[in-house]
Amino acid sequence: MPANKTVIVTGGSGGIGAGICRKLAGSGWNTVVHYHSDQDSADQIVQDIQAAGGRSFAVSADLGQESQVAGLFDTTQREFGEIHSVVANAGVGGGGPIVETTLADLQHLLSINVVGAYLTIREAARRIETGGRIVFISSQLAERPREGTGLYAATKAAIDAMIVSMSHELGSRGITINSVRPGATEPGMFAGSSPERKAFFRDLSPFKRLGHPDDVAGVVEFLLSDEARWMTGQHLRVDGGASN
Numbered sequence: 001m002p003a004n005k006t007v008i009v010t011g012g013s014g015g016i017g018a019g020i021c022r023k024l025a026g027s028g029w030n031t032v033v034h035y036h037s038d039q040d041s042a043d044q045i046v047q048d049i050q051a052a053g054g055r056s057f058a059v060s061a062d063l064g065q066e067s068q069v070a071g072l073f074d075t076t077q078r079e080f081g082e083i084h085s086v087v088a089n090a091g092v093g094g095g096g097p098i099v100e101t102t103l104a105d106l107q108h109l110l111s112i113n114v115v116g117a118y119l120t121i122r123e124a125a126r127r128i129e130t131g132g133r134i135v136f137i138s139s140q141l142a143e144r145p146r147e148g149t150g151l152y153a154a155t156k157a158a159i160d161a162m163i164v165s166m167s168h169e170l171g172s173r174g175i176t177i178n179s180v181r182p183g184a185t186e187p188g189m190f191a192g193s194s195p196e197r198k199a200f201f202r203d204l205s206p207f208k209r210l211g212h213p214d215d216v217a218g219v220v221e222f223l224l225s226d227e228a229r230w231m232t233g234q235h236l237r238v239d240g241g242a243s244n
């Protein structure tokens, strides 16, 4: 695998998502690069993949809208046929000390990190072929929240809980569903953090560095492979040992 297999990567226009798209396309996947607003970045990734001989196209969709999520899958099936795998990567960061957060902060995170992920994963469960793969890009913080990360961590933990339940629902079709929990990764949501914050998270890892999208993409590729057929309902730490 893959032999003309198709994967959708949500939030594929930058950071970890872009790394996943490039990695999978380089391994022969038909790669659908989903984006919400950053069309230039998505188009550049598609151009790079096609220039290297891969098959890819970009699709814009608001993942908080059921009709647009369905449209993302419809477009993929028209272009590439059956969908084998979906990587639910799209998400946003945010939060802060709980006393400083607002209901609007929570609602914004919920709308994308929970509702958007739920709609994506639900549609994947309805559409992907027997023996397919679903991977959710969670966060180390879902397991080990730190000061000022409570809202964000809660949204990731919510989908991680859903994944365990879904693993039992989808197993009869040979479909696996797992999550990957990256630590601080740059470029990605962590890219705008202060030098002090970067240094703190860098020093949590025995490797004394921040993660890179390629560190995550390789694990995602494994989870989509036949070699991962006996793994489902799992949450894999990919954080350079920072949560040990």
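Residue numbering for the sequence shown follows the UniProt record's numbering, starting at 1 and increasing by one per position. A virtual CB, placed ideally from N, CA and C, is assigned to each residue, including glycine.
What does residue i pair with, by DSSP beta-bridge criteria?
i: I177; result: I134
i: L236; result: V180
i: F57; result: V32
i: V7; result: T31 and S85
i: T185; result: G211
If you draw a straight line from the C-alpha of residue i to the C-alpha of residue j, how long is it?
i: A153; j: S41; result: 27 Å
i: E123; j: A184; result: 29 Å
i: G54; j: P97; result: 44 Å
i: Q50; j: N113; result: 30 Å
i: E132; j: G174; result: In the sequence as presented, Glu is not what sits at residue 132; that position holds Gly. If I take the Cα positions, the gap works out to 7 Å.
i: A217; j: G64; result: 25 Å
i: S194; j: R144; result: 21 Å
i: D74; j: V32; result: 12 Å
i: residue 247; j: I83; result: The chain is shown only over 1 to 244; residue 247 falls outside these bounds and no answer can be derived.
i: G230; j: V99; result: The sequence as given places Trp at residue 230; Gly does not occur at that position. Distance between the alpha carbons of W230 and V99 is about 43 Å.
i: L141; j: H235; result: 12 Å
i: T101; j: A125; result: 34 Å
i: V238; j: V219; result: 8 Å
i: L103; j: R146; result: 20 Å
i: T130; j: A242; result: 36 Å
i: F57; j: M162; result: 29 Å
i: A157; j: E227; result: 26 Å
i: I137; j: R181; result: 6 Å
i: G19; j: V46; result: 12 Å
i: S225; j: H212; result: 21 Å
i: V135; j: G240; result: 19 Å
i: N244; j: G17; result: 25 Å
Whose C-beta lies closer than 6 Å to the C-beta of residue i among residues of the same chain, with five residues either side of it excluded?
i: T10; result: H34, A88, N89, A90 and T120
i: L210; result: A184, E186 and R202
i: S13; result: Y35, D38, S41 and A42
i: S205; result: G240, G241 and A242
i: T6; result: N30, F80, I83 and H84
Excluding the 5 residues flanking residue i on each side, which residues of the same chain have their C-beta closer than 7 Å to its C-beta?
i: T232; result: S167, G171, T176, I177 and N178
i: N4; result: N30
i: E221; result: K23, L24 and S27
i: V164; result: G233
i: V69; result: A61, L63, L119, T120 and E123
i: F200; result: none
Could you say which of the options lies nearest to residue i if we only look at CA atoms?
i: G116; options: N4, H36 and D214; result: H36
i: D43; options: A161, C21, G26 and N244; result: C21
i: L72; options: L224, F207, E79 and A61; result: A61
i: T76; options: L103, V92, V59 and L141; result: V59
i: R127; options: P187, G241 and R78; result: R78
i: L110; options: G241, S243, I45 and I159; result: I159
i: residue 277; options: S225, S13 and G150; result: A query on residue 277 cannot be resolved here, the shown segment of the chain reaching from 1 to 244 and no further.
i: L106; options: E129, T155, S67 and S139; result: T155
Return yes when at least one heavy atom of the ligand ADP lies under 7 Å from the C-beta of residue i, else no.
i: F200; result: The ligand content of the structure shown is nil, which means the ligand ADP is not present either.
Return the chain-ordered list of same chain residues with a C-beta closer than 8 Å to the C-beta of residue i, the five sequence neighbours on each side being excluded.
i: V92; result: H108, L109, I112, N113 and M189
In chain order, which continuous runs of the beta strand (DSSP E) of length 3 or greater are located wholly inside the stretch 190-221? Within the stretch 190-221, no run of beta strand (DSSP E) at least 3 residues long lies entirely inside it.
For a minimum of 4 consecutive residues, which ranges assigned as the alpha helix (DSSP H) are wholly contained in the stretch 99-160? Fully enclosed alpha helix (DSSP H) runs of no fewer than 4 residues occupy 103-109 and 117-127 of the stretch 99-160, in order along the chain.
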